[in-house]
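Visitor: Under the numbering used here, think of the first position of the sequence shown as 34, with each following residue one higher.
The structure under discussion is supplied below as structure tokens; questions concerning it will follow.
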Amino acid sequence: MKQIADHLHQLSLKGANGFLIDHGSLTLVDTGYGGNSDRILAYIKSIGKKPQDLQHILLTHLHSDHTGSLAELQEKTDAEAIMSAPDAECVLKGQAFRAAVEITPGLLHKLIYRLFVKGAPRTVNPPRIDRILTSQDEKLPIGKGFTVIPVPGHAAGQIALLYHDDGGTLFAADTCGNMAGLALAPFYEDYHQGLTDLHTIANYRFERIVVGHGNPILKAADERFEKRFNKYFEKSKRRNANAYT
Ligand SMILES: [Zn+2]
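Shown next, in the form of structure tokens:
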């Protein structure tokens, strides 16, 4: 739980990182597993704000480590929940995982999947979703404004968010992680789409990147991102080029 930029706090929640943006009122990005609401509200108080200051909750995708505490936060605040249509459709029924996923190639990913993903809750308490984003919603006029970037490889409705603060902050969701260096996510619903998503993100400029799992990068993050992942871009392009052959 710490402030990582002028207006931005990273919350180490059970399950995943959440992020609190302070732009007068507060916006939360992702909630962790169920059982995190008291921790989130205590942090809000610790920075001199009130639970009622939390006005928006953005959910990057359906998984329970990102959406698990949404329903309980909605009992304690009036925040408006915003999520993409394909993933909202699932969590409204309490479904927080799609059955078919591909484990990312490599022994380490297999191990991480077995240790951290396999036993994760597949359901959440069904929340309310106040605003369901469609593919038409490219901008969100909250705080300094967000660009919504569909990145459906890890989950069909996953979105990354580019916040238009000084230099730009990219909320990468689970397109990648940064536990011990930038790395692919341990699993994707569609692995090759996941690589294409990294290529999509690399088209944007951002000073900072924050991820669902791991540490933020606070300087020249777009350059580091591109350097780390560009070896996959050729593969994702090649696959697209061959899509109809
Ligand atoms: Zn995920």
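Idealized CB from N, CA, C, for every residue including glycine.
1. What does the alpha-carbon distance come out to for the pair A205 and K151?
2. Using only the alpha-carbon positions, how far apart do D63 and H40 sit?
3. When DSSP labels each residue in this structure, what does E259 get in the three-state scheme?
4. Say whether the segment 152-168 touches the segment 119-129, bearing in mind that this needs 3 or more beta-carbon pairs closer than 8 Å, one atom from each stretch.
5. Would you report the Cα separation of H99 and L228, rounded to the nearest angstrom?
6. Confirm the yes/no value for this check: CB of G245, any heavy atom of ligand 1, distance under 8 Å.
7. May I ask you to report which of helix, strand or coil DSSP gives E108?
8. Using the Cβ count rule (16 or more neighbours within 10 Å means buried), how would you classify N69?
9. Could you tell me whether any non-hydrogen atom of ligand 1 is closer than 8 Å to the CB of D98?
10. Which term fits T103, buried or exposed, when burial requires 16 or more other beta carbons within 10 angstroms of its beta carbon?
11. Take Y224 as the anchor and find which of I136, S79, C123, N263 has the nearest alpha-carbon.
12. Skipping 5 residues on each side, what residues in its chain have a beta carbon closer than 6 Å to that of I90?
13. So, helix, strand or coil for D163, using DSSP?
14. Check whether the segment 242-252 touches the segment 43-51, taking contact to mean three or more Cβ pairs, one atom from each stretch, closer than 8 Å.
15. Does the separation of the CB atoms of S58 and D86 fall below 9 Å?
Guide: The structure says:
1. 22 Å
2. 17 Å
3. E259 falls in the helix class under three-state DSSP.
4. yes
5. 21 Å
6. yes
7. Three-state result, E108: helix.
8. buried
9. Yes.
10. Going by the sequence as given, residue 103 is Leu instead of Thr. By the beta-carbon neighbour count (other beta carbons within 10 angstroms, threshold 16), L103 is buried.
11. Measuring from the Cα of Y224, the nearest candidate turns out to be I136.
12. L61, A112, A114
13. It is coil, neither helix nor strand.
14. yes
15. Note that the C-beta distance between S58 and D86 is below 9 Å.
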